[in-house]
Amino acid sequence: MIRKAVFPAAGLGTRFLPATKAQPKEMLPLVDKPVIQYVVEEAVASGIEHIIIVTGRGKNAIEDHFDVSFELEHILEQRGRLDLLKQVRQISDLVHITYVRQKEALGLGHAILMAREVVGNEPFAVFLGDDVIDAPVPCMRQLMLVHKRFGATILAVEPVAPERVKDYGVIAGQEIEESVYRVTSLVEKPHPAKAPSNLAIIGRYILTPEIFVHLERTPADRNGEIQLTNGLRSLLMRRPVYAYRFQGRRYDTGNKLDFLRATVEFALKRPDLGAAFRRYLRSLNLGKKKKKKV
């Protein structure tokens, strides 16, 4: 039903400088896998067959990561490291990937427009690589099930603390059934006192191809960027848009503290690392130290 997915990955990653000065933020490792691989694996587990990664200058490492590495595979085979060889080959065999170039980082809406010719005239998914979601049912698969019933644009949302709404696009809407909302308006990064709700749009979308026409007509904001939220607001005037409060734990890996949380929690879940890492954390004695009596 949803065969293609767009991954905008042309951003500069300024929040993680200097680590991202010479490498893409999408390639920062969570334990031993780059962030973008977790998101690609979610897409594959959801049934996506074709991924379009929108890249920019300095993003060659992403293409190299998902490409075949003949030299590395040959060395691993010679050394008998068949376990590592299997892991490396699985990465290049994950899914069919097409790369599209965004010459300037002109906003999320503009990045999605760059993928128009490859997407064609069919509904498609959008994954933002900063959001890594740990869920029993992949987050995008949850959205697909909602899209199957309504046949419309679906936005993933989650409740956030009131003081954090200023960092997100936020919806207003009516809950028509458990976890499903008919969207009535969208506001980009509202002041907490003026936010229509605390339901923030996060990095998973299913969009209908009509969005391209609306993005084309969307004027750039004061920073010269075309915002997806503004294109969705235009679409909302003509077509119904729905939001779904997904089930799962989201890590905003573009945020340093959340990146550290994700690293710790993903490491603890690993069968090869979890027990030893847990013992190490306990050895740190992180509880509050008792005040010495005078």
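With my numbering applied, the sequence shown closes on residue 1606, and no number is skipped along the way. Note that the Cβ used here is the ideal one computed from N, Cα and C, for glycine as well.
Item                                                                                        : Value
D1443 - containing beta strand (DSSP E), residue span                                       : D1443 to D1446
T1565 - partner residues in DSSP beta bridges                                               : None, per the DSSP bridge assignment.
Whole-Å CB distance - Q1335 paired with V1366, under 8 Å assumed                            : With 8 Å as the limit, Q1335 and V1366 do not qualify as a contact, their Cβ atoms being about 18 Å apart.
For L1498 and G1421, believed in contact at Cβ under 8 Å, the rounded distance              : In fact, because the Cβ distance is near 13 Å, the residues do not count as touching under 8 Å.
Sheet register partners of G1485 (DSSP bridge)                                              : V1495
Which listed residue (R1461, K1460 and G1481) has its alpha carbon closest to that of V1469 : G1481
Three-state secondary structure assigned by DSSP to G1421                                   : helix
Identity of the residue in P1531, A1447 and D1564 nearest L1340 by Cα                       : D1564
Any chain C beta carbon closer than 9 Å to I1466                                            : As a matter of chain content, chain C is missing from the structure shown, which is built from one protein chain.
Reduced DSSP secondary structure (H/G/I, E/B, other) of P1410                               : Per the sequence presented here, residue 1410 reads as Thr, with Pro not at that position. Looking at T1410 - three-state DSSP - the assignment turns out to be strand.
Nearest-angstrom Cβ-Cβ length linking A1357 and P1435, presumed shorter than 8 Å            : About 19 Å separates the two Cβ atoms, so there is no contact after all.
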